[in-house]
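One structure below.
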DNA sequence: GCAATTCCTAGTAAAATGGTAGTATAATAA
DNA sequence: TTATTATACTACCATTTTACTAGGAATTGC
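Residue numbers (my numbering), protein chains in the order written: chain A, 356 to 488; chain B, 356 to 488.
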């Protein structure tokens with residue numbers, strides 16, 4: 356039941372982008388350095404956030420990344436799902452992997468409730484909330 | 356963020372013990388068979404529940420396991436923590452592994468909140484609740 | 001053209017997961 | 001007392017996942 360480094364670093368990267376936002380693009384090199392993550396690993400993580408449509412990017416010299424929206428408009432749930440994948444605590448609950456025994460599974464609704472508790476929490480917090488602390 | 360088979364099977368084993376309770380000891384062989392788990396793997400899992408003090412056991416012929424208390428008196432949280440270990444979503448939050456940067460970690464209280472959401476939910480549900488569905 | 005940057009894909013060591021296997025110990029029934 | 005049935009304990013192992021590293025192609029600004 357652990358969140359992997361991908362999810363944890365993704366959140367840190369998003370926070371870094373929010374805190375250092377000056378309108379210009381911020382290079383991964385800076386972000387990675389500030390957060391003590393290797394540039395190469397950061398690349399993979401930020402790529403997932405980018406593919407999810409959460410960033411604006413520019414290649415080439417003076418390129419980099421910046422946030423697409425205001426920090427209030429990102430839920431941490433979205434950030435974690437983009438980087439970690441589905442947050443469902445058991446595979447039966449994942450979006451595409453529906454369990455065939457779902458109907459007569461005695462534990463199903465318990466796990467469904469846990470899934471809801473987790474997602475409700477992470478969706479109730481915005482990036483701005485995390486920064487405010 | 357997945358619950359492992361240990362946690363899932365532990366819950367199933369506890370439910371099986373509750374549903375088939377007739378005052379006598381129930382052998383692992385039966386439990387394992389009913390739940391489609393190997394006897395040997397079940398052994399490891401039930402051993403954790405036993406060490407946590409949740410069962411009464413008897414060795415030898417006609418031996419086996421039975422619940423120690425009423426199904427209402429077990430929280431699923433206890434069962435999962437006994438089988439899965441700490442449910443903390445990040446290691447910094449584990450009971451003994453306290454993070455030194457805790458104070459100035461911008462994400463700490465967010466994860467703390469997630470930890471609370473998870474534990475509050477699983478502790479709010481008893482074994483009896485799961486069985487009732 | 002060259003330096004700085006993102007984008008994409010492959011590889012890899014270490015750890016965790018999900019088991020199997022063997023043996024010792026205990027209780028009971030014959 | 002011996003065979004049988006069970007738990008208790010410990011070691012082992014294959015597969016998968018995690019947490020990276022590495023290399024190179026494409027793009028842009030100067």
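Positions of the beta carbon are idealized from the N, C-alpha and C atoms, including for glycine.
In this text, all values refer to a predicted model and were calculated from it rather than measured experimentally.
Partners in chain B for residue i, counting only beta-carbon separations shorter than 9 Å
i: residue 386 (chain A); result: Near residue 386 (chain A) there are no residues of chain B at all, since even the closest Cβ is about 14 Å away, more than 9 Å.
i: residue 363 (chain A); result: 445, 462 and 466
i: residue 485 (chain A); result: 461, 462, 464 and 465
Where residue i falls: helix, strand or coil (DSSP)
i: residue 422 (chain A); result: strand
i: residue 412 (chain B); result: strand
i: residue 397 (chain A); result: helix
i: residue 392 (chain B); result: coil
i: residue 438 (chain B); result: helix
i: residue 455 (chain A); result: coil
i: residue 359 (chain B); result: coil
i: residue 370 (chain B); result: helix
i: residue 382 (chain B); result: coil
Where residue i falls, given that 16 or more other Cβ within 10 Å makes a residue buried
i: residue 475 (chain A); result: exposed
i: residue 471 (chain A); result: exposed
i: residue 414 (chain B); result: exposed
i: residue 383 (chain B); result: buried
i: residue 418 (chain A); result: exposed
i: residue 374 (chain A); result: exposed
i: residue 362 (chain B); result: buried
i: residue 479 (chain B); result: exposed
i: residue 371 (chain B); result: buried
Under 7 Å by beta carbon: chain A residues contacting residue i
i: residue 369 (chain B); result: Those within 7 Å of residue 369 (chain B) in chain A number zero; the least Cβ separation is about 10 Å.
i: residue 372 (chain B); result: Chain A residues near residue 372 (chain B): none, gap ~13 Å exceeds 7 Å.
Distance CB(residue i)-CB(residue j) smaller than 8 Å
i: residue 366 (chain B); j: residue 412 (chain A); result: no
i: residue 358 (chain B); j: residue 465 (chain A); result: no
i: residue 428 (chain B); j: residue 448 (chain B); result: no
i: residue 369 (chain B); j: residue 356 (chain A); result: no
i: residue 431 (chain B); j: residue 482 (chain B); result: yes
i: residue 420 (chain A); j: residue 473 (chain A); result: no
i: residue 404 (chain A); j: residue 376 (chain A); result: no
i: residue 400 (chain B); j: residue 364 (chain B); result: yes
Listed by chain order, chain A residues near residue i by CB distance under 9 Å
i: residue 403 (chain B); result: The contacting residues do not exist; residue 403 (chain B) stays about 15 Å from chain A at best.
i: residue 420 (chain B); result: The premise fails here: residue 420 (chain B) is roughly 19 Å from chain A at the closest Cβ pair, so nothing lies under 9 Å.
Residues that residue i contacts on chain B, provided the C-beta gap is smaller than 8 Å
i: residue 488 (chain A); result: 461 and 464
i: residue 429 (chain A); result: Under the 8 Å cutoff, chain B gives no residues; its nearest Cβ is about 13 Å from residue 429 (chain A).
i: residue 439 (chain A); result: 356
i: residue 477 (chain A); result: 469
i: residue 442 (chain A); result: 356
i: residue 480 (chain A); result: 465 and 468
Cross-chain neighbours of residue i in chain A, by beta carbon under 8 Å
i: residue 472 (chain B); result: 472, 473, 475 and 476
i: residue 366 (chain B); result: 462 and 465
### Query
Can you find at least 3 beta carbon pairs, one from the stretch 387-397 of chain A and one from the stretch 428-438 of chain A, that sit closer than 8 Å?
no
#### Entry: Stretch pair the stretch 402-409 of chain B + the stretch 443-462 of chain B: three plus CB contacts closer than 8 Å
no
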